[in-house]
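Asks: Residue numbering for the sequence shown follows my numbering, starting at 197 and increasing by one per position. Note that CB positions come from ideal geometry on N, CA and C, so glycine has one too. For reference, the structure I am asking about is given below.
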Amino acid sequence: MPAVLVGALGLAGLMTTTAAAGPAARPAPASPTIATAQEIARAYWGTDACGGAVTVRWARQAADINALSTWTSPSSDPYGDPADNRDCTITLNPAATFDWPKLCTVLVHEFGHLSGHDHDRRAGRLMSELYTAPLAQCVAAKARRAAA
Ligand SMILES: [Zn+2]
């Protein structure tokens with residue numbers, strides 16, 4: 197029986213109350229911003245999670261959650277056979293506060309789950325359960341955009 201898995205990336209530190217995030221802080225799922233993060237994830241993990249068939253959406257979640265990913269797997273190990281993952285969805289939380297480096301990092305983290313990567317028990321890693329710092333590749337992409 198396929199299992200439905202959930203990988204959530206929580207906020208580090210204190211919970212924050214809802215910020216008034218404008219449209220620029222909440223890019224549409226089909227936007228170039230999301231596509232850029234997906235490209236970084238593809239390069240980082242060396243694979244196209246779920247064959248590229250990943251639905252990215254925004255939906256309100258608990259205040260201490262940045263995003264979560266869900267997928268179904270035919271394997272008993274949710275991370276054991278990522279090539280067979282289906283129904284892959286990343287849900288971003290509009291109640292969380294995002295800038296580009298954080299949004300990008302959260303997406304690369306979630307694409308990591310969809311690519312077969314469980315949480316890293318160590319703190320301060322990309323696959324740590326709590327977000328602490330942006331991924332260097334995401335920061336670099338921002339610098340490239342600023343220079344363009
Ligand atoms: Zn996670």
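How far does the beta strand (DSSP E) with residue 285 in it reach, from first residue to last?
Replies: It spans 282 to 288 - the beta strand (DSSP E) in which residue 285 sits, taken as one unbroken run.
Asks: Relative to the alpha-carbon of residue 236, which residue among 328, 306, 287, 320 has its alpha-carbon at the smallest distance?
Replies: Looking at the Cα atoms, 306 is the closest of the given residues.
Asks: Between which two residues does the beta strand (DSSP E) holding residue 266 run?
Replies: Run containing residue 266: 261 to 269, per the beta strand (DSSP E) assignment.
Asks: Please state if the CB of residue 311 and the CB of residue 245 are separated by a distance shorter than 9 Å.
Replies: Yes; because the gap between Cβ atoms is below 9 Å, this pair is in contact.
Asks: Quick check on residue 322: does DSSP put it in helix, strand or coil?
Replies: It is coil, neither helix nor strand.
Asks: Which residue comes first and which comes last in the alpha helix (DSSP H) that contains residue 229?
Replies: Element bounds for residue 229: 228 to 241.
Asks: Can you give the beta carbon distance from residue 280 to residue 270, rounded, assuming they're within the 8 Å contact cut?
Replies: Indeed, because the Cβ distance is near 5 Å, the residues count as touching under 8 Å.
Asks: Can you tell me the Cα-Cα spacing of residue 230 and residue 315, whole angstroms?
Replies: Rounded to whole angstroms, residue 230 to residue 315 spans 22 Å at the Cα level.
Asks: What's the call for residue 337, buried or exposed, on a 16-neighbour Cβ count within 10 Å?
Replies: Its Cβ being crowded by 16 or more others within 10 Å, residue 337 is buried.
Asks: Assign residue 220 to buried or exposed, taking buried as 16 or more other Cβ atoms, counted over all protein chains shown, within 10 Å of its Cβ.
Replies: Bear in mind that a pLDDT of 47 at residue 220, under 50, signals an unreliable position, so the number given afterwards is only what the model happens to contain. Exposed, because fewer than 16 other Cβ atoms sit within 10 Å of the Cβ of residue 220.
Asks: So what's residue 251 in DSSP terms, helix, strand or just coil?
Replies: Of the three classes helix, strand and coil, the one that applies to residue 251 here is strand, per DSSP.
Asks: So who's on the other strand from residue 316, going by DSSP bridges?
Replies: DSSP, once it has assigned bridges, lists 324 as partnering residue 316.
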